[in-house]
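Numbering (this note's numbering), first residue to last: 48 to 359. Take a look at the structure below.
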Amino acid sequence: ADFEILYCPGKKLGEGTYANVYLGHLVTSPSTLVAIKKIKIQAAYTEGLAPDAIRELKHLQELSHPNIISLLSVFSSKDQNLNLVLEYLPLGDLEMLIKDTEGVRYGAADIKAWMGMLGRGVWWCHENFVLHRDIKPNNLLIAADGEVKLADFGLARSFSDPYRIMTSNVITRWYRPPELLFGAKHYSGAVDIWSVGLVFAELIIRTPYIAGDTEVHQISLICQAIGTPSEDVWPGVSKLPEYTVPEPATPVRGKDHYLATFGTAGHEGVDVLMGMLVLDPRKRITAREILEHSWWSSDPKPTKNEDLPRKG
Ligand code: ADP
């Protein structure tokens, strides 16, 4: 479909690392508010976007799901910018809620509701052979009805061809899984699941769980927090191009360790978290398995959208 777009002059919603975001509305009746994300073309090129970007993004337009931001249109403008017309999500993002420890209180049922929405969004991506590749709290935007939506598919691309060599320099460092830190060239939906696990952990403790200053530091923090990736727990890991781990090795943490830090998620919640943070990507829980887990039917039940906490 073609849209006629009208910008609301002067209304800038935000500025990101490679894009400015403006409020606009579609000339439809009733008129619909949209967010127009103008991607700076140079940035788009250096990030490996641009020529393929429009084609790839067209693919994302078809990814329709309540927990995935809808991409209504993609066009390039005469200033050479790539423009994404996105569903307008006015209630901020999960990072704002996590950080506002003074103003926003939430509990296990709220976290379960947000994790359910995140899980369903990721499941739908993977079911359609799309990796998100940059899941983190500030890419999880909140709609007016409280629904959490996966946003910022700037780096997402189809993984339907498993032998296509992929770049491992994706995903913001803190949420990056060990296979990418070790330079794996072929990877799967498991990369997103690791990030989802770290979002889950952060929702509980309200601070990033594994926040390395450099890639080397990130790996050493993973070894401390989760355990050292070794041939015993992850056959083949030592053959990855950039495999190095600090000595001495730390054994993989058991459930007691997780319960001590993440006990508010309950026993089953902790099982799900541990499944997401499994070092070997082949043994990591899948999005489908997350949705089928008995955690969802155990108490507390997820909070209803209208009762979820909102930004102050
Ligand atoms: P980048 O990916 O370059 O960091 P973002 O996607 O984070 O850019 O966008 C920057 C800011 O614009 C966000 O922090 C948010 O405040 C706002 N924004 C982005 N997308 C939307 C949207 N769909 N609805 C409302 N605000 C948005």
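A virtual CB, placed ideally from N, CA and C, is assigned to each residue, including glycine.
Following the continuous beta strand (DSSP E) through residue i, name the residue where it begins and the one where it ends.
i     : result
Ala39 : In this structure the chain extends from 48 to 359, so residue 39 is not present and cannot be described.
Ala66 : 66 to 73
Look at residue i and residue j and say whether their C-beta atoms are less than 8 Å apart.
i      : j      : result
Ala296 : Ser267 : no
Asn67  : Lys58  : no
Leu227 : Val195 : no
Leu324 : Ile251 : no
Phe247 : Leu320 : yes
Glu109 : Leu119 : no
Ala231 : Arg331 : no
Val365 : Ile189 : Residue 365 lies beyond the residue range present for the chain, which begins at 48 and ends at 359; the question has no answer from this structure.
Val361 : Gly359 : Coverage of the chain is limited to positions 48 through 359, which leaves residue 361 absent and any answer about it impossible.
Ser242 : Tyr222 : yes
Ile145 : Arg220 : no
Trp170 : Ile115 : no
Leu107 : Phe200 : yes
Lys87  : Asn130 : no
Lys159 : Pro288 : no
Pro10  : Ala156 : The requested residue 10 does not occur in the structure, where the chain is confined to residues 48 to 359.
Val299 : Val280 : yes
Pro328 : Pro184 : no
Leu73  : Thr79  : yes
Tyr65  : Pro356 : no
Pick helix, strand or coil for residue i, following the three-state DSSP scheme.
i      : result
Leu338 : helix
Asn130 : strand
Ser10  : As shown, the chain starts at 48 and ends at 359. That puts residue 10 outside it, with no answer to give.
Leu107 : helix
Lys196 : strand
Ile240 : helix
Leu228 : helix
Lys59  : strand
Leu53  : strand
Ile145 : helix
Val169 : helix
Ile115 : strand
Leu355 : coil
Leu245 : helix
Asp208 : At Asp208, the pLDDT of 47 sits below 50, so the modelled position is not reliable and the matter cannot be decided from this model.
Leu96  : In this predicted model, Leu96 has a pLDDT of only 49, less than 50, meaning its place in the structure is not dependable; the value taken from the coordinates is given anyway. Correct three-state label for Leu96: coil.
Pro349 : coil
Thr291 : coil
Trp343 : helix
Over the uninterrupted alpha helix (DSSP H) stretch that includes residue i, give me the two end residues.
i      : result
Glu315 : 313 to 323
Leu138 : Premise fails: Leu138 is in no alpha helix (DSSP H) and is neither H nor E.
Val121 : Not the alpha helix (DSSP H): Val121 falls in the beta strand (DSSP E), residues 118 to 123.
Ile189 : Not the alpha helix (DSSP H): Ile189 falls in the beta strand (DSSP E), residues 187 to 189.
Lys302 : 302 to 309
Compute the beta-carbon to beta-carbon distance between residue i and residue j, rounded to the nearest angstrom, for a pair I have assumed lies under 8 Å.
i      : j      : result
Leu141 : Leu187 : 4 Å
Val317 : Leu306 : 6 Å
Leu104 : Val121 : 5 Å
Asn352 : Gly193 : 4 Å
Ile182 : Thr333 : Wrong, their Cβ atoms sit about 15 Å apart, outside the cutoff.
Gly168 : Leu136 : 13 Å between Cβ atoms; not a contact.
Ranges of the alpha helix (DSSP H) found wholly within the stretch 247 to 282, counting only runs of at least 4: 262 to 272
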